[in-house]
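With this note's numbering as the guide, the letters of the sequence shown map in order to residues 4 to 206. These notes are about the structure you will find just below.
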Amino acid sequence: MASEYHLKCIVTGPPSVGKSSLLLQFCEKEFSEQIDTTIGVEFQTKTLDIDNKYKVKLEIWDTAGQESFRSITNNYYRGAHIALLIYDISNRQSFQYLGSWLEEISQMSSPDIVTILIGNKNDIVGRRVVTFEEGESFARDNNITFLETSAKDNRGVENVFQIASKQVITLVNQGKLQVVNKKPQTITLQKQPEKKPDKPCCN
Numbered sequence: 004m005a006s007e008y009h010l011k012c013i014v015t016g017p018p019s020v021g022k023s024s025l026l027l028q029f030c031e032k033e034f035s036e037q038i039d040t041t042i043g044v045e046f047q048t049k050t051l052d053i054d055n056k057y058k059v060k061l062e063i064w065d066t067a068g069q070e071s072f073r074s075i076t077n078n079y080y081r082g083a084h085i086a087l088l089i090y091d092i093s094n095r096q097s098f099q100y101l102g103s104w105l106e107e108i109s110q111m112s113s114p115d116i117v118t119i120l121i122g123n124k125n126d127i128v129g130r131r132v133v134t135f136e137e138g139e140s141f142a143r144d145n146n147i148t149f150l151e152t153s154a155k156d157n158r159g160v161e162n163v164f165q166i167a168s169k170q171v172i173t174l175v176n177q178g179k180l181q182v183v184n185k186k187p188q189t190i191t192l193q194k195q196p197e198k199k200p201d202k203p204c205c206n
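Listed below in structure tokens is the structure:
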């Protein structure tokens, strides 16, 4: 029987890098050019089968990238096992801001959190301004995993969540991280003692 884990994943990074599109593609296998700006946070769940050995239920929190929402979204780092830090390979500024976002993850979450750096929108031909090697170098310098994706073409999207989940499970198996296995919750109702009839008062 497969072991079951319930993992919390936070999706973070600068605005307009495709965080919501990545999540929509992963959860619904859909892509839309018109996605409303995330207000605060949005929530999705999806269950993954990992190597026919583990069932991982992902609780995914998609956070707004705008500065005005940072005080709200910071609260959602608590208890997260996975952080997906996303930038847009066609937007140099989104890459330049990664240091401050990574520092925020470090400050607001557990030191054992698995962080994956994602260069999104690699379907854009001729508009790349951040090379694969730059993303790889930043990830290597900060000891995190680096991947590129296309939410539009569904390129590498599920792989991100598979790899992140496997890294958490590896840490658990090595005894470096504790994750509570989720089992169906059972509630036992205590039987109320029968109420004895009142005795008549003695005269």
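Cβ coordinates follow ideal geometry from the N, Cα and C atoms, glycine included. As the structure is a prediction and not an experimental result, all values here were calculated from the model.
- The shortest CA-to-CA distance from R81 to any of I116, I53, Q47, I166 is the one to I116.
- DSSP places N162 inside the alpha helix (DSSP H), whose first and last residues are 160-176.
- Three or more pairs of CB atoms, one per stretch, sit closer than 8 Å, so the segment 82-95 contacts the segment 117-134.
- Excluding the 5 residues flanking it on each side, I147 has same chain C-beta neighbours closer than 7 Å at T118, I119, L120, in chain order.
- Contact annotation, A154 with Q28: C-beta distance approximately 5 Å; criterion of less than 8 Å satisfied.
- Per DSSP, G129 has no beta-bridge partner at all.
- L150 has I121 as its beta-bridge partners, per DSSP.
- DSSP assignment within the segment 15-62 yields the following whole alpha helix (DSSP H) runs of 4 residues or more, N-terminal first: 22-31.
- Taken atom to atom, the span from the alpha-carbon of N78 to that of S113 is near 12 Å.
- DSSP lists no bridge partner for I108.
- Secondary structure at D65: strand, using DSSP grouped into helix, strand and coil.
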